[in-house]
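All letters in the sequence shown, in the order written, are residues 1 to 289 by the UniProt record's numbering.
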Amino acid sequence: MFTDVDLMTAIITPFDENLKIDYEALKKLTEHLLATGTKGFVIGGTTGETPTLTEAEKLELYRRFTEIVDRRVPIIAGVGSNNTAQTIDFINKVAQIQGIDMALVVVPYYNKPNQRGMVAHFEAVAKNSPLPIMIYNIPGRTGVLMEKETVVELSKNQKIKGVKQCNTMEDLEYIVEHTADDFNVYSGEDAQALFAKVVGANGVISVASHIYGDEMTKMYQALDSGDYHLAGKIQRQLTPKMDALFMYPSPSPVKAALNKLGYQVGGCRLPIVSLNDAEKSILFEKLNL
Numbered sequence: 001m002f003t004d005v006d007l008m009t010a011i012i013t014p015f016d017e018n019l020k021i022d023y024e025a026l027k028k029l030t031e032h033l034l035a036t037g038t039k040g041f042v043i044g045g046t047t048g049e050t051p052t053l054t055e056a057e058k059l060e061l062y063r064r065f066t067e068i069v070d071r072r073v074p075i076i077a078g079v080g081s082n083n084t085a086q087t088i089d090f091i092n093k094v095a096q097i098q099g100i101d102m103a104l105v106v107v108p109y110y111n112k113p114n115q116r117g118m119v120a121h122f123e124a125v126a127k128n129s130p131l132p133i134m135i136y137n138i139p140g141r142t143g144v145l146m147e148k149e150t151v152v153e154l155s156k157n158q159k160i161k162g163v164k165q166c167n168t169m170e171d172l173e174y175i176v177e178h179t180a181d182d183f184n185v186y187s188g189e190d191a192q193a194l195f196a197k198v199v200g201a202n203g204v205i206s207v208a209s210h211i212y213g214d215e216m217t218k219m220y221q222a223l224d225s226g227d228y229h230l231a232g233k234i235q236r237q238l239t240p241k242m243d244a245l246f247m248y249p250s251p252s253p254v255k256a257a258l259n260k261l262g263y264q265v266g267g268c269r270l271p272i273v274s275l276n277d278a279e280k281s282i283l284f285e286k287l288n289l
């Protein structure tokens with residue numbers, strides 16, 4: 001399904017001045033991302049501020065987004081929660097939307113399950129899901145780490161087709177080495193974008209691609225053509241900027257940068273606050289905007 005899809009964007013959710021979803025801004029942003037190398041999307045992830053969206057808003061967002069994308073690239077939709085039954089209920093609603101290719105299911109947060117609990121959660125979701133599943137392993141936000149061995153164990157489930165892995169490069173290597181070739185492995189860390197592909201992962205699910213899609217595409221093209229020197233140089237140049245996009249709670253920095261570039265994606269819903277003028281000044285200096 002994701003052959004040659006190396007650069008995916010975890011797309012933000014644009015809001016208008018009343019903090020309602022701005023679909024015209026979403027359409028403009030989507031076309032920009034497709035034009036700068038995005039080969040697939042995660043809609044409704046952390047960057048999309050979905051903890052602040054109602055279920056009705058998410059379903060409408062996913063429907064409208066599939067219409068905008070119009071099957072041009074794959075779409076992964078965020079469906080996970082820390083409630084297994086609720087996740088199963090929602091994934092079945094999302095599965096009714098034509099154009100959703102896979103469901104992103106986060107490791108349960110706050111409850112802090114152990115590895116056996118994580119396996120039971122994902123197996124229950126997989127058993128009851130019409131959609132293939134991608135595990136979202138992000139311990140910095142969930143408070144628990146799905147161990148690399150657990151990811152490998154779950155990869156043997158025929159309904160679990162991939163992982164978005166936000167942890168060490170060593171864990172990413174292990175997962176690539178110990179899973180089948182058709183299991184989709186993506187880093188969720190922009191600074192690992194080049195490393196991920198070098199060690200055999202599919203690529204990266206990116207936030208920085210909102211701003212630096214052309215450069216990241218050029219980096220992957222250089223790698224594919226064997227120009228490792230150029231690929232490495234681009235990653236080294238991008239890494240400080242990628243880091244800057246997370247210097248304040250995400251997605252406030254990337255939204256501020258997009259607004260600066262003229263995409264008018266609005267602010268953030270509470271509890272994330274938009275950057276103030278002093279924070280914008282620091283960010284834009286680091287991004288050279």
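Ideal Cβ positions, reconstructed from N, Cα and C, are used throughout, including at glycine.
Could you pull out every residue in the same chain whose Cβ sits closer than 7 Å to the Cβ of residue i, ignoring the five residues on either side in sequence?
i: Gly45; result: Ala10, Gly78 and Leu104
i: Tyr136; result: Gly80, Leu104, Val105, Val106, Val107 and Lys164
i: Ile97; result: Tyr62, Arg63 and Thr66
i: Leu230; result: Ala222
i: Glu279; result: Tyr248
i: Asn202; result: Phe2, Val5, Asp6, Asn184, Val185 and Tyr186
i: Asp16; result: Asp22 and Gly266
i: His178; result: Val152
Give me the Cα-Cα distance between residue i and residue j, rounded to the nearest whole angstrom.
i: Met146; j: Asp214; result: 33 Å
i: Glu57; j: Ala193; result: 31 Å
i: Gln264; j: Arg116; result: 44 Å
i: Thr36; j: Ser209; result: 8 Å
i: Val152; j: Val69; result: 32 Å
i: Ala126; j: Leu154; result: 10 Å
i: Ile12; j: Phe284; result: 19 Å
i: Ala196; j: Ile175; result: 11 Å
i: Ile75; j: Ser281; result: 34 Å
i: Tyr109; j: Lys260; result: 33 Å
i: Leu19; j: Arg269; result: 7 Å
i: Gly143; j: Thr150; result: 16 Å
i: Lys112; j: His32; result: 38 Å
i: Gly162; j: Val273; result: 32 Å
i: Asp227; j: Gly200; result: 17 Å
Does the ligand FMN have a heavy atom nearer than 7 Å to the CB of residue i?
i: Pro51; result: Of ligands this structure carries none, so the ligand FMN is not represented either.
Specify, as a first and last residue, the run of the alpha helix (DSSP H) that residue i falls within.
i: Leu104; result: Not the alpha helix (DSSP H): Leu104 falls in the beta strand (DSSP E), residues Met102 to Val106.
i: Gly80; result: Premise fails: Gly80 is in no alpha helix (DSSP H) and is neither H nor E.
i: Asn128; result: Segment: none, Asn128 is in no alpha helix (DSSP H) and carries neither H nor E.
i: Arg236; result: Tyr228 to Ala244
i: Asn259; result: Ser252 to Lys260
i: Ala56; result: Glu55 to Val69
i: Lys280; result: Asp277 to Leu287
i: Ala95; result: No alpha helix (DSSP H) contains Ala95, which DSSP labels as neither H nor E.
i: residue 290; result: Lying outside 1 to 289, the shown extent of the chain, residue 290 is not represented and no answer is given.
Mark residue i as exposed unless 16 or more other C-beta atoms lie within 10 angstroms of its C-beta, in which case mark it buried.
i: Leu289; result: exposed
i: Thr50; result: buried
i: Ala222; result: buried
i: Tyr248; result: buried
i: Pro130; result: exposed
i: Glu55; result: exposed
i: Thr168; result: exposed
i: Gly48; result: buried
i: Gln86; result: exposed
i: Tyr212; result: buried
i: Ser225; result: exposed
i: Lys148; result: buried
Using the DSSP secondary-structure output, state which residues sit across from residue i in a beta bridge.
i: Thr9; result: Phe41 and Ser206
i: Ile88; result: According to DSSP, which records beta bridges pairwise, Ile88 is partnered with nothing at all.
i: Val185; result: Val163
i: Phe15; result: Ile21
i: Ile75; result: Phe41
Return the first residue and the last residue of the beta strand (DSSP E) that residue i is part of.
i: Gly162; result: Ile160 to Gln165
i: Tyr136; result: Ile133 to Asn137
Keeping to the same chain, check which residues put their C-beta closer than 8 Å to that of residue i; ignore five residues upstream and five downstream.
i: Glu60; result: Ile21
i: Thr217; result: Leu7, Thr36 and Gly37
Can you name, in chain order, every residue of its own chain whose Cβ lies under 6 Å from the Cβ of residue i, other than the five neighbours on each side?
i: Thr239; result: Ala191
i: Phe122; result: Leu154
i: Tyr220; result: Asp6
i: Val73; result: Lys39 and Gly40
i: Ile205; result: Met8, Ala10, Val42, Lys164, Tyr186 and Gly188
i: Pro253; result: Leu245 and Leu283
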